[in-house]
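Quick notes on the structure that follows.
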Amino acid sequence: RSQRGGTGRDRGDTGSTMDPPSAAGLGGADPQLQRFIEVETQKQRFQQLVHQMTELCWEKCMDKPGPKLDSRAETCFVNCVERFIDTSQFILNRLEQTQKSKSAFSESLSD
Amino acid sequence: MESGFGSDFGSGGGGGGKLDPGLIMEQVKVQIAVANAQELLQRMTDKCFRKCIGKPGGALDNSEQVRTGGRTGHPRPLSSGLLLRLCVPQKCIAMCMDRYMDSWNTVSRAYNSRLQRERANM
Chain A
1 RSQRGGTGRD
11 RGDTGSTMDP
21 PSAAGLGGAD
31 PQLQRFIEVE
41 TQKQRFQQLV
51 HQMTELCWEK
61 CMDKPGPKLD
71 SRAETCFVNC
81 VERFIDTSQF
91 ILNRLEQTQK
101 SKSAFSESLS
111 D
Chain B
1 MESGFGSDFG
11 SGGGGGGKLD
21 PGLIMEQVKV
31 QIAVANAQEL
41 LQRMTDKCFR
51 KCIGKPGGAL
61 DNSEQVRTGG
71 RTGHPRPLSS
81 GLLLRLCVPQ
91 KCIAMCMDRY
101 MDSWNTVSRA
111 YNSRLQRERA
121 NM
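Set out below in structure tokens:
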């Protein structure tokens, strides 16, 4: 039973409009190490989110642990993940919007 | 000083004091795996404690504290064959652990699917 659904490939990070910190400083001159750090960092971000979402969704979806995960609970978990990502994206987007309008405002104020 | 690919992280073999990137990567992977296991354990313990232990009772009074196989007072062996006199509802916790793992895997799959879908739409 695999615990890892890690992507470990390109930067497909949902809801992230910010660039990850450059791995150049960490890997030094070795491109292999640099690549490794990038990949592992990405994987860890994924893992962390899985931990976090499992914890949150458990509260919402798991009533009484039974002998197996019934289909209703499983559906709940899947929906919960989707809604969490949606929430995360919405928050990021809206924050970006409000930041934009704020800076436009302050720009119009300055000489 | 070494040129090109070299520098301090030149490929291992020979040369005392040179760091082998392959070894470093393996060690880092192990450390990451350990950290993830610890994280999982911590959250699982938290959740299953909440689910299975209501009002924590003393060792001998609380009916929830199913320590033994009944009122006989004989310790009930765990499925693994170990005889442990732990004052907890073992069956509840064991089931909870399995369900937590199932949930974790479900979440992992769902998140992965979502990421792939996002990438496909980009």
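If you read the protein sequences in the order shown, they are chains A and B. Residue numbers for the first sequence follow full-length UniProt numbering, so the first one is 1 and each next one is one higher. Residue numbers for the second sequence follow full-length UniProt numbering, so the first one is 1 and each next one is one higher. Virtual Cβ for every residue (Gly too), placed ideally from N, Cα, C. From a predicted model like this one, the values you see are computed outputs, not experimental measurements.
* **Selected residue, minimal CA-CA separation from K91 (chain B), among B:R114, B:M101, B:C52, B:A120** => B:C52
* If we ignore side chains and look at the alpha-carbon of each, how far apart do E40 (chain A) and M101 (chain B) end up? -> 23 Å
* Asked: Using a beta-carbon distance below 9 Å, is P21 (chain B) in contact with chain E?
  -> Among the chains of the structure shown, chain E does not appear; the protein chains present are A and B.
* Three-state secondary structure (DSSP) of I85 (chain A) -> helix
* To do: Identify the contact partners of N36 (chain B) in chain A, using a Cβ-Cβ distance below 7 Å as the criterion.
  => Q47
* Asked: Who are the neighbours of E96 (chain A) on chain B, taking C-beta pairs under 8 Å?
  -> Ordered by position in chain B, no residue passes the 8 Å Cβ test against E96 (chain A), which lies about 17 Å from the chain.
* For the 8 Å Cβ check, are there 3 or more pairs between the stretch 52-60 of chain A and the stretch 99-118 of chain B? -> yes
* Exposed or buried, which one is S101 (chain A) when buried takes at least 16 other CB atoms within 10 Å? -> exposed
* Asked: Going by C-alpha distance, which of A:T98, A:Q48, A:C80, A:Q44 is nearest K29 (chain B)?
  -> A:Q44
* Asked: Quick one: what does DSSP say I37 (chain A) is sitting in, helix, strand or coil?
  -> helix
* Asked: Can you give the Cα-Cα distance for A37 (chain B) and A29 (chain A), rounded to whole angstroms?
  -> 31 Å
* Asked: Any Cβ of chain A within less than 9 Å of the Cβ of K55 (chain B)?
  -> no
* Asked: Using the beta-carbon count (16 or more within 10 Å), is S71 (chain A) buried or exposed?
  -> Exposed, by the Cβ-count rule.
* **Reduced DSSP category for F88 (chain B) - H, G, I as helix; E, B as strand; rest coil** => In the sequence on display, residue 88 (chain B) carries Val and not Phe. Reduced to three states, the DSSP call for V88 (chain B) is coil.
* Would you call E96 (chain A) buried or exposed, if buried means 16 or more other Cβ atoms sit within 10 Å of its Cβ? -> With fewer than 16 other beta carbons inside 10 angstroms of its own, E96 (chain A) counts as exposed.
* If M95 (chain B) sits next to P67 (chain A), beta carbons under 8 Å apart, how far is it from one beta carbon to the other, in whole angstroms? -> 7 Å
* Below 8 Å on the Cβ atoms is my guess for F90 (chain A) versus M53 (chain A); work out the distance and round it to an integer in Å. => At roughly 16 Å, the Cβ-Cβ gap does not stay under 8 Å, so F90 (chain A) and M53 (chain A) are not in contact.
* Asked: If you follow the alpha helix (DSSP H) that M44 (chain B) is part of, which residue opens it and which one closes it?
  -> Counting along the chain, the alpha helix (DSSP H) containing M44 (chain B) begins and ends at 21-52.
* Closest residue to V88 (chain B) among B:L41, B:L23, B:T106, B:P56 (Cα-Cα distance) -> Of B:L41, B:L23, B:T106, B:P56, the residue nearest in Cα terms is B:P56.
* Where E39 (chain B) meets chain A, residues with beta-carbon distance less than 7 Å -> Near E39 (chain B) (Cβ distances below 7 Å), the residues of chain A are H51.
* **Within-9 Å CB hit, residue 124 (chain B) to chain A** => There is simply no residue 124 (chain B) to check, as chain B begins at 1 and stops at 122 in what is shown.
* Below-9 Å beta-carbon distance, V28 (chain B) vs any chain A residue -> Closer than 9 Å to some Cβ of chain A, the Cβ of V28 (chain B) qualifies, so yes.
* Would you say G87 (chain B) faces chain A, with C-beta separation under 9 Å as the test? -> Here the sequence assigns Cys to residue 87 (chain B), which means Gly is not the residue at that position. Chain A contact via Cβ: absent.
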